[in-house]
Amino acid sequence: MDRQSMALLIPILALSIPVVAVVMNGIHKMMKLRIEEARVRSGLVDGVEVGEVEALRADLADTRLELDQMHERLEFTERLLVELRDRQGLPSGQAPEA
C-alpha cells in the first residue's frame with residue numbers, strides 16, 4: 073500500500089470505530105429485551121414466578137383487611153373507654169378503675 077492509501081484508510085478506520093460501537097450497543101440492548109420478553113412469556117419476572125407474585129398480593133390484601141378490622145376495634149374500644157370515663161366523672165388525665 074502506498075502512503076496516500078494509508079492516509080485515507082486511517083480516518084475511515086477512526087470514524088468507523090464509534091459507528092461499530094453504537095451498532096453493537098443497539099444489538100446488545102435488543103438482545104436483553106428479547107431475553108426479558110422470553111422470561112415474561114415463560115411466567116418468570118425477575119426470577120420470581122408470576123403465581124408467587126399474585127399469591128403475595130392476595131396475602132397483602134388479607135393483611136390490609138385484618139388491619140382495617142383491628143383499627144375499627146381499637147376505635148370502638150377507645151369510644152367505650154371515653155364513655156366510661158365520662159360516666160364516672162373522672163378527669164381526662166386519669167384512667168378508670170376496673
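Add 72 to a position in the sequence shown, counting from 1, and you land on the number used in this note's numbering. Where is the CB? At the ideal position from N, CA and C, for every residue including glycine. This one's a predicted model, so the numbers in the text were calculated from it and none came from an experiment.
Can you give me the C-alpha to C-alpha distance between residue i and residue j, rounded to a whole angstrom?
i      : j      : result
Met78  : Leu87  : 14 Å
Leu156 : Met142 : 21 Å
Ala133 : Glu147 : 21 Å
Leu128 : Ile99  : 36 Å
Asp158 : Glu144 : 21 Å
Asn97  : Ile89  : 12 Å
Leu137 : Val112 : 30 Å
Leu139 : Asp131 : 12 Å
Glu109 : Lys101 : 12 Å
Leu162 : Leu152 : 14 Å
For the alpha helix (DSSP H) that residue i lies in, which residues bound it at each end?
i     : result
Met78 : 75 to 114
Indicate whether residue i and residue j have their beta-carbon atoms separated by less than 7 Å.
i      : j      : result
Val125 : Gly115 : no
Is the shortest distance between the beta-carbon of residue i and the beta-carbons of chain C less than 7 Å?
i     : result
Ile84 : The chain labelled as chain C is not found in the depicted structure, where only one protein chain is given.
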